[in-house]
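Contents: one structure, followed by commentary.
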Amino acid sequence: MDEYHSSDTNALGFCLLPSELIQSILFSLALPEILRMKLVNKFLSYLISDQDFIRQCNLRSRSATWLFVYKKRWRRDAILHGFSDQSNRWFKICIEDLIKQVVFYPDEDIYLLTASGNIFLFASNSQKAVIAVNLVSKAVKKIPPCPLGPRGTSSWRRSGMKLVPESSDSGHFRFLFVELVGNSPVVFEYNSETEKWQRREAREGKGNFAGNDCMFLNAHNAPQESLVVAIGSEYIPPLILRPRFGNREQQASWVNVNDRRHVYGDGHVMIMRSRDQRRAKVLCSIEVWGISLRSGNWEYVSNVPSEIMEQIGKPYGVMTGCLEARNGRIRVVLMSNYEGSWDIIWLTYHQQSGVWNWVLLPDCKMKGANLAGITFSSGLSLT
């Protein structure tokens, strides 16, 4: 975590404050700061380890949404950069000592795949392995190869996987991804408690899935037609969806131009349109579409208002992003690079109110660095 500079005198003075005031101050901190405070002295460690404090802290921290960014070459800069929508600054989380427990190659590149709760999944390119890291308990393990065999980093698609922590604070989790096997989508699921993989073949047909009761994994992304698998109860086979846009003219407009980029996730697609400007591009518009549970096709949701677009429409050379839809909110992040400088845009759409919010981010200081993973996460806790 970030370096926290405090003299012994200041630490002692802080600990002499009333316990209720100390707890109130601690509750105002982000989770990485609380974990760092736990190392200051035995009194704070005891206070933060109290079950009542943990319970109240978890209730607060689990409501926060985090954005995590990871850079390449872990031996040079093995640091996760994290930003919370309940904070106003980036946190640096060093993971070198954790990763090197299972990765021994000095020049190995590690990529961040996804995160949820306290669990982070990384992919090792040379070992073709997935590494699970618990940032709070410091537990690190390699996930056994899936039934498809070892997979390199290029085999993973962000929109085709999902990490689901167990709610019992046990540290266990499920990791699901979908892959085409013989042109048919198959869902592979790893359970960290049993340390076993299961596979389920998706089927064609119609199902009665409530939007909040299932997850969507993309098996194939294409502007004209995507292949998405809806996963509900473990007792119901995964359902194949083939969302398309509403008419042939719309389909052709997405396919025949090269000024649009698509980012998929959680049954939604973000469509970004850009225009040329000298040797760069400038972002012009952003639309979000979602899968209609009635028709199974893409259904227009909303577009980013022009007043926001005027502020975020900067020149870029390359752009990537990720999208998540959870608890009535659609969150999108765009990372663009222009002449070696990175720019990060975080937007949130509140589906009930129809309002877009632009989350202002301070400089992440990534100039000259190579991006090695970006993901949203939620549910960070002390246990």
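Position in the sequence shown counted from 1, then plus 10, gives you our numbering.
We treat Cβ as the ideally placed atom computed from N, Cα and C, and that holds for glycine.
#### Entry: The alpha helix (DSSP H) enclosing L69, as first and last residue numbers
Q61 to S71
(request) Would you identify the three-state DSSP class for L77, choosing helix, strand or coil? (result) strand
Checklist entry - If you check the beta carbons only, do V298 and S284 fall under 8 Å apart? => result no
Q. What's the call for T204, buried or exposed, on a 16-neighbour Cβ count within 10 Å?
A. exposed
K52 by DSSP, collapsed to three states: which one? helix
task: Rank D353, N367, E320 and Q66 by C-alpha distance to the C-alpha of G378 and give the top, closest one.
output: D353
task: Locate the alpha helix (DSSP H) running through I246, then write down its first and last residues.
output: First-last for I246: undefined, no H or E at that position.
**Study point:** Simplified DSSP assignment, three categories, for T393
**Key:** coil
Check your understanding: Residues in its own chain within less than 6 Å of N231 by CB, not counting five upstream and five downstream?
Key -> Y274
- List the residues that DSSP assigns as beta-bridge partners of W400. Residue 400 lies beyond the range of the chain shown here (11 to 393); nothing can be said about it.
- Any chance the stretch 33 to 45 sits against the stretch 346 to 362, with 3 or more Cβ pairs inside 8 Å? no
field: Cβ separation of I384 and V342, assumed to be a contact under 8 Å, to the nearest whole Å
entry: Not confirmed; about 11 Å, so no contact.
Inside the stretch 125 to 180 only - beta strand (DSSP E) runs reaching at least 3 residues: 129 to 134, 139 to 144, 150 to 153 and 171 to 175
Practice item. Grab the span of the beta strand (DSSP E) containing I340 for me, first residue to last. Key: R339 to Y348
Report the option in K52, S29 and S71 whose CA atom is closest to the CA atom of L392. S71
**Request:** Ignore the nearest five residues each way along the sequence and tell me which others in S169's own chain have a CB closer than 6 Å to its CB.
**Result:** N228, Y274 and G275
Residue span of the beta strand (DSSP E) that contains P195, given as start and end = S194 to N201
If you run the structure through DSSP and keep just helix, strand and coil, what is S316? helix
query: With distances taken from CA atoms, which of E349, E320, I120 and V314 is nearest I340?
result: V314
| task | Compute the distance between the beta-carbons of N144 and G181, then report whether it is under 8 Å. | result | yes
* Per DSSP, which residues does G92 bridge with? Please list them. => F78 and F101
Review point. Going by the beta-carbon positions, is the gap between I120 and I103 smaller than 8 Å?
Key: no
CA-to-CA distance, P233 to A212, given in whole angstroms:
22 Å
Among A125, V369, K375 and N380, nearest to D95 - alpha-carbon criterion
V369
Okay, do the stretch 130 to 138 and the stretch 152 to 172 touch, 3+ Cβ pairs below 8 Å being the bar?
yes
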